[in-house]
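Peer 1: Quick note: numbering that gives the first Met the number 0 has the sequence shown finishing at residue 55, numbered continuously throughout.
The beta-carbon is built from N, C-alpha and C at its ideal position, and this holds for glycine as well.
Okay, here's the structure, questions in a sec.
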Amino acid sequence: MEPAPGGFRIEALLAHRAWMERTARALVRGDAEAGDLVQDAWVGILERPPADAPRS
């Protein structure tokens, strides 16, 4: 698979998808709001990845 912007492996990022979705649903009332929260988190991760994130 292609590296994500910033050189990160998509698989490494997507491994956390289910956890992010469950956490977002626990924090907000509706599925749409949870989806927005997860999407905002992905944007933040891609713009400012953690220093210890696995690279391609």
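Helix, strand or coil, according to DSSP, for arginine 8 in the structure here?
Peer 2: If DSSP states are grouped into helix, strand and coil, arginine 8 belongs with the strands.
Peer 1: Between which two residues does the alpha helix (DSSP H) harbouring valine 42 extend?
Peer 2: Segment 30-46, the alpha helix (DSSP H) holding valine 42.
Peer 1: Residues in its own chain within less than 7 Å of valine 27 by CB, not counting five upstream and five downstream?
Peer 2: Once the five neighbours on either side are set aside, the close Cβ partners of valine 27 are Ala33 and Leu36.
Peer 1: First and last residue of the alpha helix (DSSP H) that includes alanine 50?
Peer 2: It is not in any alpha helix (DSSP H) - alanine 50 carries neither H nor E in the DSSP assignment.
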